[in-house]
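Residue numbers (the working numbering): -9 to 130.
Working notes for the structure below.
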């Protein structure tokens, strides 16, 4: 079971403490009562889906013995304009750098992550439309 405790600090700022005892500040901009001292809850969702999928992709590529020099994921989302607000779309842009990276292996790692292994993307799938694109770049 995954657990977390969320503790109010001040204004609209909260500290989230994970079950593994790691802390992260969630905040918002001063114009709505925050202090801009950490990512917003929506930004944390994007970080969570990107981090979850990224861990899967790296793990799968390592098992396939695909060597790479660098890897990153950019995530963006579109909110529903009316209440109840939710994330309508989430787009992940996977970027990998290295020589002789198999496009097939990279794409398969991404789809396995998003469709099977990533708990966060599978949780969001029922409401948000999740899409992705990928770019393979030569060694930097």
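The beta-carbon is built from N, C-alpha and C at its ideal position, and this holds for glycine as well.
Remember, it's a predicted structure, so these values are computed and weren't measured experimentally.
Query: Give me, in chain order, the residues of the same chain whose beta-carbon lies closer than 7 Å to that of residue 88; leave out the 5 immediate sequence neighbours on both sides.; Result: 57, 58, 59 and 129
Query: Terminal residues of the continuous alpha helix (DSSP H) containing residue 44?; Result: 31 to 53
Query: Identify every residue that forms a DSSP beta bridge with residue 124.; Result: 84
Query: Please name the residue in 127, -5, 126 and 35 whose C-alpha comes closest to that of residue 114.; Result: 35
Query: Start and end of the alpha helix (DSSP H) containing residue 132?; Result: The displayed coordinates of the chain run from -9 to 130. Any statement about residue 132 would go beyond what the structure contains.
Query: Is it buried or exposed, residue -3, if we count other Cβ atoms within 10 angstroms and call 16 or more buried?; Result: exposed
Query: Buried or exposed: which applies to residue 109, given that a residue is buried once 16 or more other Cβ atoms fall within 10 Å of its Cβ?; Result: exposed
Query: Would you report the Cα separation of residue 24 and residue 38, rounded to the nearest angstrom?; Result: 21 Å
Query: Nearest to residue 79 by CA position, among 14, 111, 16 and 28, is which residue?; Result: 111
Query: Write down the C-beta distance between residue 65 and residue 40 rounded to the nearest angstrom, noting that I regard them as a contact closer than 8 Å.; Result: 4 Å
Query: Pop quiz: residue 50 and residue 102 are said to be a contact at Cβ under 8 Å. What is the actual Cβ separation, rounded to whole angstroms?; Result: 6 Å
Query: Leaving out five residues on either side along the sequence, give the residues of the same chain with a beta carbon under 6 Å from the beta carbon of residue 82.; Result: 63, 65 and 122
Query: Ignore the nearest five residues each way along the sequence and tell me which others in residue 31's own chain have a CB closer than 7 Å to its CB.; Result: 16
Query: Kindly list the residues whose CB is nearer than 7 Å to the CB of residue 100, restricted to its own chain and excluding five residues on each side of it in sequence; keep chain order.; Result: 47, 84, 122 and 124
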